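Residue numbers (our numbering): -7 to 209. This report refers to the structure that appears directly beneath it.
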Ligand code: GTB
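Structure follows, in structure tokens:
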């Protein structure tokens, strides 16, 4: 059954692909599953109809028949479980790939989001400039640890997996920052993933929402 996801009607990132519908679109493209997109405004996301789908009033959501999901990680996992191509079939590498999804969302993403949000929410505080190096250092530590594990490999554990897709989606939030530039192997990892045709289609689809083209896959 063709799923429907939600995305921002007007993304604050102006089509840079940083909102979390992009990672869901990418997973759907990787497995060749066509999908529909329902665009929602910020006001609509807080209304009862959307809150019934997403208790926190956010995007993305995912509907497939009777099934309604929220949380990008859970949605990617569901897509990867239902289709071939994003999770290894063999139990041990499959479990490791799922572990990397959790690592991306629980260990790497939080310091990145914290640093990003400090940029908008605390900019005017007199302590902001003092706190920034501490936030940068937390991100740097995680990137260094992750870069050490990735080494010179193309992907985390052999073939590209949902673990790579989730990790790259998280690292993309640092694009253009000096922090990712400190780790050329990570910048190359992101670039390698972004060169995948499935990512290109997902990116183009979310950009089309901003430019007024056709959304969806
Ligand atoms: N943990 C949830 C998940 O992974 O699905 C987080 C979902 C989430 O943060 N959704 C955001 C949202 O709906 C959009 S992605 N926010 C509206 C609200 O909370 O009211 C976060 C995001 C938004 C915008 C940019 N940007 O413009 O650069 C980047 C990322």
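We put the beta carbon where it would ideally sit given N, CA and C, even for glycine. Since the structure is predicted, the reported quantities are computational estimates derived from the model, not experimental observations.
Identified DSSP bridge partners for residue i
i	result
residue 109	Looking at the DSSP assignment, residue 109 forms no beta bridge with any residue, so it has no partner.
residue 30	-2
residue 56	59
Residue i: CB within 8 Å of a non-hydrogen atom of the ligand GTB
i	result
residue 51	yes
residue 212	There is simply no residue 212 to check, as the chain begins at -7 and stops at 209 in what is shown.
residue 37	yes
residue 63	yes
residue 11	yes
residue 8	yes
residue 94	no
residue 3	yes
residue 30	no
residue 43	no
residue 210	Because residue 210 is not part of the residues shown, which for the chain are -7 to 209, the question remains open.
residue 157	no
residue 165	yes
residue 199	no
Separation of residue j from residue i, as counted between CA atoms
i	j	result
residue 79	residue 121	42 Å
residue 173	residue 164	12 Å
residue 207	residue 119	Its pLDDT being 49, under 50, residue 207 is placed unreliably in this model, and the coordinates cannot settle the point.
residue 99	residue 170	20 Å
residue 107	residue 57	38 Å
residue -1	residue 52	6 Å
residue 186	residue 161	10 Å
residue 157	residue 117	36 Å
residue 127	residue -7	43 Å
residue 132	residue 6	27 Å
residue 18	residue 61	17 Å
residue 142	residue 148	6 Å
residue 36	residue 180	38 Å
residue 134	residue 175	11 Å
residue 67	residue 25	13 Å
residue 20	residue 70	10 Å
residue -4	residue 101	25 Å
Counted within 10 angstroms of its Cβ, other Cβ atoms place residue i as buried (16 or more) or exposed
i	result
residue 93	buried
residue 195	buried
residue 89	buried
residue 9	buried
residue 153	buried
residue 28	exposed
residue 4	exposed
residue 50	buried
Any alpha helix (DSSP H) of 4 or more consecutive residues that is wholly inside the region 100 to 185: 101 to 113, 120 to 142, 154 to 163, 170 to 173
query: What are the uninterrupted segments assigned as alpha helix (DSSP H) that are 4 or more residues long and contained completely in the region 60 to 100, given in chain order?
result: 64 to 74, 83 to 94
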